[in-house]
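Taking the numbering used here, the leading residue of the sequence shown gets 61, the next gets one more, and so forth.
From the three backbone atoms N, C-alpha and C, an ideal C-beta is built for every residue, glycine too.
A short worksheet on the structure shown next.
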Amino acid sequence: MALTKFGFIVTGAGLRPEEHRMTMRSGAFEMIAVGVSGASQGPAVARGLLDEGVQLLELCGGFGPIWTAKVIEAIENRIPVGSVAYGPESIDAMYALFKD
């Protein structure tokens with residue numbers, strides 16, 4: 061089976077899943093990106109994306125390992141879930157972004 065429908069959930073201040081959603085489509089592929097204000101909204105959004113036929117889900121780095129596990133549990137491990145992570149080479153730059 062080919063991957064034809066991909067989901068991505070991103071966290072960002074003030075994002076609301078019912079308002080901050082975009083879709084990119086080609087004749088053979090669709091990506092749905094949904095914005096949430098906090099990782100705690102991720103499980104519900106993930107269930108909705110699963111119901112829409114998403115075959116693979118990726119979470120932004122704001123989810124971390126705990127909320128990634130909660131998303132996987134919420135969708136009963138029915139599709140692969142990945143999460144963005146940053147290596148040690150990014151620590152200083154990440155600190156500069158989020159120190160305030």
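In this structure, T64 lies near Q115, with their beta-carbon atoms less than 8 Å apart.
Secondary structure note for G67: its beta strand (DSSP E) is the uninterrupted segment 65-71. For V131, no beta strand (DSSP E) run applies; the uninterrupted alpha helix (DSSP H) run containing it begins and ends at 124-134, by DSSP. Ranked by how close their Cα comes to the Cα of Y146, the residues K130, G122, I139 have G122 in first place.
Across the structure, I92 and L119 are spaced so that their CA atoms are roughly 12 Å apart.
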